Structures are given as structure tokens and as C-alpha cells.
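Each remark here refers to the structure printed beneath this line.
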Amino acid sequence: MTDLDDIPAPQGQLTLKLLANRQDTNLYGDIPGGWLVRHMDQAAELAAGREAHGRTATVAIETMDFLCPVRVGSMVNIFTAVREIGHSSIKIDVEVWIRQPHERETSELHKVTEARFVMVALDEKGRIRAVNQPG
């Protein structure tokens, strides 16, 4: 019998869910890593914006490894979890999990990558501000 803690599962809350389409592919028909990073950044910005009550910007992305490819037709699920809130920065853990096309078990997800995004809160003029001040 498998202990439930041994089964990998997404951490955080589902922030974005999208379909990997044919128009998202590179020359070889693969979904490129940059496409995933773009959507991970959007998810991090959504999560950070909720905490900062306004505009945020990415200042750093920590280590990212890709564990499996994303194929056309995959359902891409991006999860976020706020890990640390500083004076003007917010660290967000972002995970990408997919459901492969034609997967028999519709609840089975495969982890693709994860990274920590460091975001800063911005005021209406684009200057860094405290997280707890309105944007």
C-alpha cells in the first residue's frame, strides 16, 4: 500500500488553466519552455497582485528544471503559493502540472516544472512600494 504522502500532488491553489494549442508550438511541433515561463509569470503576477492589492513586477525567477515535455492538447494547470512577504517583495512558488492528451485517467496530473518568482509591489508611477500600501 502506498502512503498518501508518497504521491506527488500540486501545492498551492490553481491560478491558471489553459490548453496547449498547435499555434503555441515551435518549429518542431513542441511546446517551448518560454511559453510555460510566460504563463507562470502571469500566474505569479496574479497571486502577488492579490497580496499587494495592486500592480506588481517580476524581479527574479529562481532555478527551474523541466521534468517532462508538454504536448499539444495537454491541459496545463498552474498552481501558486505565497511563500514569503517582505517589505516590498513577495515570493511566490509556481508549479506547472499537466494532464496529457488522451490520458485515460482524467484526474492524473504530471509535474512539468516549478520555480520561485520574486515579485515587487509597484505604485501608480511604476516605483517600488510597500506591499501593505495600496497600489
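Numbering-wise, UniProt numbering puts 110 at position 110 of the sequence shown, and it's gapless, one number per residue. C-beta: ideal position from N, C-alpha, C; glycine also. The model shown is predicted, which means the values in this text are computed figures rather than measured ones.
- Under the three-state reduction of DSSP output, residue 75 falls in the strand class.
- Per DSSP, the unbroken alpha helix (DSSP H) holding residue 40 starts and ends at 33-52.
- Per the C-alpha coordinates, the member of 86, 83, 110, 79 positioned closest to residue 69 is 110.
- Contact between residue 115 and residue 62 holds, since their C-beta atoms are separated by about 6 Å, short of 8 Å.
- Between the beta-carbon of residue 78 and that of residue 51 there is about 17 Å, and that puts the pair past the 8 Å contact cut.
- Here residue 104 is exposed. Its C-beta has fewer than 16 other C-beta atoms within 10 Å.
- Distance between residue 125 and residue 133, taken at the CA atoms: about 14 Å.
- Counting only residues of its own chain and dropping the five nearest sequence neighbours on each side, residue 64 has a CB closer than 6 Å to the CB of 113, 115.
- The C-beta of residue 48 has 16 or more other C-beta atoms within 10 Å across all chains shown, which makes the residue buried.
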